[in-house]
Amino acid sequence: MQRYSFLRHVGHALRGHRHWQPAWQTAEPKKQYDVVIIGGGGHGLATAYYLATRYGIKNVAVLEKGYIGGGNTGRNTQVVRSNYFFPESAAFFDHSLTLFETLSKELNFNLMFSQCGHIVLAHSEHELEQQRRTVNSIRLNGVDAEHLSPQQLKKRVPLLNLDARFPVLGGFVQPRGGCIRHDALVWGLARAADSAGVDIIQNCEVTGLQLQGDKVVGVDTSLGGIAADRAAIAVAGHTSELARMAGFRVPITSMALQALVTEPVKPIISTMVISPTIHMYISQTDHGEVLLGAGADVYNSYAQRGGIPAIEETVAAALELFPSLSRLRLMRQWSGTTDITPDTTPIMGKTPVQNLYLSGGWGTGGFKAIPAGGDTMAYTIANDESHPLIAKFGLERFTIGALIDEGAASGVSH
Ligand SMILES: Cc1cc2nc3c(=O)[nH]c(=O)nc-3n(C[C@H](O)[C@H](O)[C@H](O)COP(=O)(O)OP(=O)(O)OC[C@H]3O[C@@H](n4cnc5c(N)ncnc54)[C@H](O)[C@@H]3O)c2cc1C
């Protein structure tokens, strides 16, 4: 892998940037792989990367039906945090945040990680009381979180309207939370996985799974059959379809989740701000666009667009808290197909089919989980045994009733 450095950039600039190596190769599918990963989003790529670099399994292919990062990983609002309520969620998501803290260096790729803080607002005495308990739980989980008074909020976010219809009575911040450039994460992982020997095969749709008894032995794709000792599903909103091909069902609903950006302006918001009550969250991108998001559309859909009511509600909520944005024009809107579980906790680990593994149910909040998801899935695939951090995230929790209800942590707070 050609290393990126300041001097190398200067050298290439002087030669008109005509001699850069491609960041990853266009691979032709081989007949057989040790591991085939279905889905070239963040989770598929991270799993491949860690398999090759931590577990020495390099004969790996990532099969992507479109282009890598064209799913939710390239469409999300980049929120990264680990302020979860339950200990098992906090341990997993904080592992992810910790990996993010050194990932740019490890991948030799600038992920533009900004730990600008993640603020959650409270709009009533009841919500404030609930937040106090949540902050205590987060801190007991060993994760950073601090209460903020309205005055402290105003200092951090001067444009925030404290006297909204539901007045802002306080909030809390996770100072280590922030955002990571989503395309950079995809490209950084793809480049590092490719250089470790992984084949990244785009425009290759998996259309069926080859089973022998209750064991997976390969996949059928739009480019032909590929034999595989082990396979992993990492296809977000299309998890139910892949599970159907394998002959089992998953409790996942696929819904569109949208985001919007305004035209770019000078820096006006330097942190992430979330209001679960007014139902929106906001940040400003490196380009200067104000980035808005909210909850998923209220009906199931595989369409990557989303409905107009969600746009209207998100804009109305944003203007309630940030009235001065009313003069900005919306520039773009898009959506992704999210895979939502009943308890909004992911489904990770083994499946009823031998040698077939699942990383799904990431719903509206799986971007922040990509490094930990990749690391723990790679361990699980390499050892045919769930990594301890994801032992409670298995599919069987829906039969034994051991749900981990993180609904409150993931409603609008992706
Ligand atoms: C608008 C929006 C905002 C969000 N905001 C945040 C946020 O701020 N923070 C956060 O943590 N999370 C957020 N999320 C959620 C997050 O983006 C996802 O949970 C995460 O990216 C899922 O990653 P993935 O790799 O599992 O899926 P994806 O990135 O969707 O990748 C799955 C890939 O599988 C491919 N695929 C599907 N079927 C097949 C097939 N049959 N054969 C081959 N390939 C196939 C798809 O083309 C796709 O590229 C948001 C999501 C959206 C849509």
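Residue numbers for the sequence shown, in the numbering used here: 1 to 414.
Just so it is clear, CB atoms sit at the ideal spot from N, CA and C, and this is done for glycine as well.
Note that the structure is a prediction, hence the values are computed from the model and not measured.
- A distance below 7 Å between beta-carbons, with the five flanking residues on each side excluded, links residue 341 to the following residues of its chain, in chain order: 251, 252, 347, 361, 363.
- The three-state reading of DSSP puts residue 362 in coil, since its state is none of H, G, I, E or B.
- Contact check for residue 174 and residue 118: beta-carbon distance about 5 Å, within the 8 Å limit, so the pair qualifies.
- Bridge partners of residue 336 according to DSSP: 257.
- Assignment of alpha helix (DSSP H) within the region 300-325, counting only whole runs of 4 or more residues, yields 308-321 in chain order.
- Classified as exposed, residue 249 has fewer than 16 neighbouring CB atoms from the shown chains inside 10 Å of its CB.
- In the DSSP secondary-structure assignment, residue 228 is bridged to 33.
- With 16 or more other CB atoms across the displayed protein chains lying within 10 angstroms of its CB, residue 100 is buried.
- Spatial neighbours of residue 19 in its own chain (CB-CB distance under 6 Å, excluding positions within 5 residues in sequence) are not present.
- Segment contact: the region 198-210 against the region 373-388, fewer than three CB-CB distances shorter than 8 Å; contact not assigned.
- The residue from 107, 34, 38 with its alpha-carbon nearest to that of residue 56 is 34.
- Excluding sequence positions up to five before and after residue 137, its CB lies within less than 7 Å of the CB of 85, all in the same chain and listed in chain order.
- DSSP, reduced to helix, strand and coil, places residue 349 within a strand of the structure shown.
- Using a Cβ-Cβ distance cut-off of 8 Å, the region 158-172 and the region 22-32 are not in contact, since fewer than three pairs of beta carbons, one from each stretch, lie closer than that value.
- Contact check for residue 77 against residue 414 passes: the beta carbons are separated by less than 9 Å.
- Using a Cβ distance threshold of 9 Å, residue 353 and residue 235 do not count as a contacting pair.
- Taking the C-beta atoms as reference points, residue 42 is found nearer than 9 Å to residue 370.
- Sequence-distant partners of residue 376 (beyond 5 residues in either direction) whose C-beta falls short of 6 Å from its own C-beta, in its chain, are 387, 389, 390.
- If you check the CB distance, residue 62 and residue 74 do not come in under 9 Å.
- A straight line joining the alpha-carbon of residue 150 with that of residue 120 spans about 12 Å.
- Around the CB of residue 331, fewer than 16 other CB atoms lie within 10 Å, so the residue is classed as exposed.
- Beta-bridge annotation (DSSP): residue 206 is paired with 221.
- The Cβ atoms of residue 143 and residue 275 lie no closer than 9 Å to each other.
- Per the C-alpha coordinates, the member of 397, 219, 131 positioned closest to residue 209 is 219.
- Per DSSP, the continuous alpha helix (DSSP H) segment holding residue 126 begins and ends at 125-140.
- Distance between residue 280 and residue 207, taken at the CA atoms: about 37 Å.
- By the neighbour-count definition (other C-beta atoms within 10 Å, threshold 16), residue 49 is a buried residue.
- Residue 204 has its CB nearer than 8 Å to a heavy atom of ligand 1.
- Within the model, the alpha-carbon separation for residue 148 versus residue 167 is close to 14 Å.
- Distance from the C-beta of residue 344 to the nearest heavy atom of ligand 1 is not below 8 Å.
- Secondary structure note for residue 96: its alpha helix (DSSP H) is the uninterrupted segment 87-107.
- Sequence-distant partners of residue 407 (beyond 5 residues in either direction) whose C-beta falls short of 6 Å from its own C-beta, in its chain, are 344.
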